[in-house]
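So in the UniProt record's numbering the end of the sequence shown lands on 335, straight run, no missing numbers. Glycine included, C-beta positions come from ideal geometry on N, C-alpha and C. Notes follow once the structure below has been shown.
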Amino acid sequence: MTSATQRPDPPYRRIVAEFRTRILAGELRPGDRVPSIRQIAQRWGVAVATATKVVAALRDEGLVEAKVGAGTVVSARASREERPVGPAVPPAARQAGVPKGSLNRRHVLRTAIAIADAEGLGAVSMRRLAAELGAGPMSLYRHVTGKDELVTQMADEVFGEAELPVPGPEGWRAKLELVARLQWELSRRHLWLPRAVSFTRPLLVPNMMAHTEWTLRALDELELPLETRVREALTLPALVHTVALSMAEESEAEQETGVTLDGWWLIQRKRADELLSTGQFPLLAMLPQETVSDLDGMFDYILARHLDGFAVMLSRDAARPGCGQVPETGPGRLP
1 MTSATQRPDP PYRRIVAEFR TRILAGELRP GDRVPSIRQI AQRWGVAVAT
51 ATKVVAALRD EGLVEAKVGA GTVVSARASR EERPVGPAVP PAARQAGVPK
101 GSLNRRHVLR TAIAIADAEG LGAVSMRRLA AELGAGPMSL YRHVTGKDEL
151 VTQMADEVFG EAELPVPGPE GWRAKLELVA RLQWELSRRH LWLPRAVSFT
201 RPLLVPNMMA HTEWTLRALD ELELPLETRV REALTLPALV HTVALSMAEE
251 SEAEQETGVT LDGWWLIQRK RADELLSTGQ FPLLAMLPQE TVSDLDGMFD
301 YILARHLDGF AVMLSRDAAR PGCGQVPETG PGRLP
């Protein structure tokens, strides 16, 4: 195939290549913070979904990693000697064409995850998955019983990407912040994940259960009632997934309409100016647009305020007459 007939690389691959070159050349050094997904979208003029693929591809190559309190940074493992310069291979392409007889559960799950990352959970089907793997659809049923189990196992596989340190940082607050930020990074990397998780019908799979167990253990030192610890272990990921759902919905809207969030605001500007110029909403008129659309900032705020409230609850309970520590029993709720 001549260069004249070759299809150009998707935008996300060109951006990945630019980052890769800068990292391997030493312009971005281990520990340096890389732009957020929104910053990438703004700087290169691409959709948030495209920017999300950029960060995911850099993580797949081991060039960047999530660091609590710092966001996404250049990985300590990223070096010229360890990483050849070359185009990133999409996860789905890496899994496709698996020789018959070598197909296993992990091949199936990682390929399904790659499809969902690129096109959304709705694009995942047993037939599509079989086509990506170069296998017969019926051969997949040796590994999963159907799409429901497939999605469950995909979610569990993704949760296994997060490394839960043992014992973790000092103090309950640092531990809860760490596990919440790990789950936020997973949801940013895999936008479909919040739709695969239920809190009323929890998925009984080992990696997700490990996150709940780790959170419960982080609360052990507080000697809280078990009911309170369980509710906190469920509330924390619920906060993560609530904000992550907005991010997923925005990505879907961009894919369906082809209009980025910035573009949508431009379209709405005339209507917004008409409403705000009436003087009926003086406080809303002062609101910066970026505050509304900054989901990373929204997540930081929600997490911090939740942990602040939890700390107030602990202080209140500890200050009760005759209680030197948090009581063994009691509702443990804010008034």
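Cα separation between residue i and residue j?
i: ARG105; j: ARG13; result: 28 Å
i: ALA218; j: LYS175; result: 6 Å
i: GLU81; j: ARG188; result: Confidence at GLU81 is low in this model, with a pLDDT of 43, below 50, so the placement of that residue is unreliable and no value is reported for it.
i: GLY120; j: TRP192; result: 6 Å
i: ARG38; j: GLU223; result: 40 Å
i: GLU65; j: VAL73; result: 6 Å
i: ARG229; j: ALA116; result: 33 Å
i: ALA76; j: GLU27; result: 14 Å
i: TRP44; j: LEU295; result: 19 Å
i: LEU24; j: LEU276; result: 48 Å
i: GLN95; j: PRO225; result: For GLN95, the pLDDT reaches just 42, beneath the cut-off of 50, and the residue's location in the model is therefore unreliable, leaving the point undetermined.
i: GLY309; j: SER315; result: 10 Å
i: TYR301; j: LEU307; result: 10 Å
i: ALA135; j: ASP317; result: 59 Å
i: ARG142; j: ALA123; result: 21 Å
i: ALA180; j: LYS270; result: 38 Å
i: GLU161; j: ARG110; result: 12 Å
i: ASP148; j: SER125; result: 10 Å
i: PRO282; j: ASP273; result: 12 Å
i: LEU103; j: ARG22; result: 37 Å
Please look up how many angstroms separate the CB atoms of residue i and residue j, rounded, as I've assumed it's under 8 Å.
i: LEU164; j: ALA210; result: 7 Å
i: GLU195; j: ALA248; result: In the sequence as presented, Glu is not what sits at residue 195; that position holds Arg. That pair is a contact at about 7 Å.
i: GLU185; j: ILE113; result: That pair is no contact at about 15 Å.
i: HIS107; j: LEU133; result: 7 Å
i: GLN183; j: VAL240; result: 5 Å
i: TRP172; j: GLU227; result: Actually they are not in contact, since the Cβ atoms of TRP172 and GLU227 sit about 17 Å apart, beyond 8 Å.
i: residue 351; j: LEU236; result: Summary: the structure shown does not reach residue 351, with the chain confined to residues 1 through 335, and so no result is reported for it.
Excluding the five sequence neighbours on either side, which residues of its own chain have a C-beta within less than 7 Å of the C-beta of residue i, listed in chain order?
i: VAL16; result: VAL54, ALA57, LEU58, ALA88
i: residue 337; result: The structure shown does not extend to residue 337, since the chain spans only 1 to 335, so no value can be given for it.
i: GLY322; result: Because the pLDDT at GLY322 is just 49, under 50, the model does not fix this residue reliably, and the value given afterwards should be weighed accordingly. Nothing listed; no residue qualifies.
i: VAL144; result: VAL108, LEU150, GLN153
i: ARG127; result: PRO137
i: PRO30; result: VAL74, SER75, ALA76, ALA78
i: THR212; result: ALA233
Ordered along the chain, which non-local residues of its own chain (more than five positions away) have a Cβ less than 6 Å from that of residue i?
i: THR50; result: PRO11, TYR12
i: VAL34; result: VAL64, THR72
i: THR52; result: ILE37
Considering only residues of the same chain and omitting the five flanking positions on each side of residue i, which have a CB-CB separation below 8 Å?
i: MET208; result: ALA155, ASP156, PHE159, VAL197, PRO202
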